[in-house]
Amino acid sequence: MFGAAFLVALREGLEISLILGIIFSYLRGLNRKNTFKPVWIGAGIAIAFSIIVGSILYILTGGEEWHGQLYIEAAIFLVAVGILSYMTFWMKKNSPGMNKGIQASIDTALKSNGGTFQLILLAFITIIREGLELVMFLLAIAVDGKGNGLSLGSGTLVGLIIAILIGWGIYQGSAKINLKTFFQAMGNLLIIVAAGLLINAVHEFIELGIIQPGVYLYNWEHVLDRHGAIGGILHALVGYTDHLSSVQLIVWLIYIIPAIILFNRKKVSTLARGAALDKVNN
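Residue numbers for the sequence shown, in full-length UniProt numbering: 1 to 282.
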């Protein structure tokens, strides 16, 4: 759980830090540091709301099992996979124009009559999406690894601290990081993690009797138990299970192969064009 929580907290935390950094840097450039407070208020409300939503959902899925809990857990896995996939591709597509988009929104807010409220609303709307994405993904990890809150919490905390430090360094101009390379690498890693959560969702539907497992391909319970140290790490990161069914494998392949290809498509096509030009020039 630590590794998966760390990855998603680092990725989402850095995105939140970068968004706030863009806002504060632009306001500082306009010599409007007096407007920092409304931004912090909006961001604080968004973070608090995300935590409240996550806490309510965690309470609903915690404790002893009750009728309908498996349905909620399966839904959480599917929602987490959907959100994670969407935000990974959204960030890849929109990150180049994010800076100008946020600056344009700030200009609009400052020119309006209720400038303070508009800045609070801007910060809230901008941060709430990232906050809910982080909460939903962490909730899916928590549901999958009940009783291991320390691992989840420590992974999340370490990831957020590193993300905040990187964001602060970028804001101060003391840290240099290739964000395109970072988000490309993190995107691929999180697609793999999302595929693992999809396996867990299929497992819940198998337990509910909604779908049939097909054939179980192996039983490694006594070799690499998913509840053990190494098995637990692999389970949290890539969805490893010591009882893999053919249906789970098929669903995993159907998701991960197109996702990886589509996410890296531009990079691959660019390399192909470069190689073709080299041949022509030679």
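Built from N, CA and C at the ideal position, the CB exists for glycine as well.
Comparing alpha-carbon positions, the option among Ile192, Lys180, Leu244 and Ile106 lying closest to Lys33 turns out to be Ile106. Distance from the Cα of Gln184 is smallest, within the candidate group Phe205, Tyr240 and Arg265, for Arg265. Beta-carbon to beta-carbon, Leu208 and Leu70 are separated by about 5 Å, close enough to satisfy the 8 Å threshold. The beta strand (DSSP E) runs of length 3 or more contained entirely in the segment 25-51 do not exist; there are none. A contact is defined here as three or more CB-CB pairs under 8 Å, and the segment 21-29 fails this definition with respect to the segment 198-208. For the pair Ile47 and Gly131, the CB atoms are nearer than the 9 Å cut-off.
Take the alpha-carbon of Phe36 and the one of Leu198: they are about 40 Å apart. The bridge partners DSSP lists for Tyr216 are Ser245.
From the listed residues Val8, Leu20, Ala9 and Arg11, the smallest Cα separation to Trp168 is found for Leu20. Here Arg226 carries a coil assignment [DSSP, helix/strand/coil]. Considering only Val238, Leu249 and Ile161, the residue with the shortest C-alpha distance to Asn188 is Val238. Cβ-Cβ separation between Phe49 and Asn200: approximately 26 Å, too far for a contact (criterion under 8 Å). Excluding its 5 nearest sequence neighbours in each direction, Pro38 has C-beta neighbours in its own chain below 6 Å: Thr116, Leu119 and Ile120, listed in chain order.
Exposure of Gln212 is indicated by the presence of fewer than 16 other C-beta atoms within 10 angstroms of its C-beta. Separation of the CB atoms of Leu134 and Glu12 is rounded to 4 Å, and the pair is thereby assigned contact status at 8 Å. Sequence-distant Cβ neighbours of Ala80 in its own chain, meaning closer than 6 Å and more than five residues away, are Met136, Phe137, Ala140 and Leu197.
Closest option to Arg226, judged by alpha-carbon separation, among Arg129, Ala104 and Asp242: Asp242.
Ranking Ile166, Ala194, Gln172 and Ala195 by CA distance to the CA of Phe182 puts Ile166 first. As the crow flies, the alpha-carbon of Thr108 is around 20 Å from that of Leu18.
If only uninterrupted alpha helix (DSSP H) runs of at least 4 residues are considered, those enclosed by the segment 152-210 are 179-208. Secondary structure at Ser112: coil, using DSSP grouped into helix, strand and coil. Between the alpha carbons of Lys180 and Ala163 lies a gap of roughly 15 Å. In terms of Cβ geometry, Ala104 and Ile23 do not form a close pair [threshold 9 Å]. Restricting attention to Val158, Leu190 and Trp40, the CA atom closest to the CA of Ile128 is found in Trp40.
Put simply, the backbone Cα of Leu57 is about 22 Å away from that of Ala195. In the three-state reduction of the DSSP assignment, Tyr240 falls in the coil class.
Nearest C-alpha to Pro258 among Ala5, Phe89, Leu10 and Ala74: Phe89.
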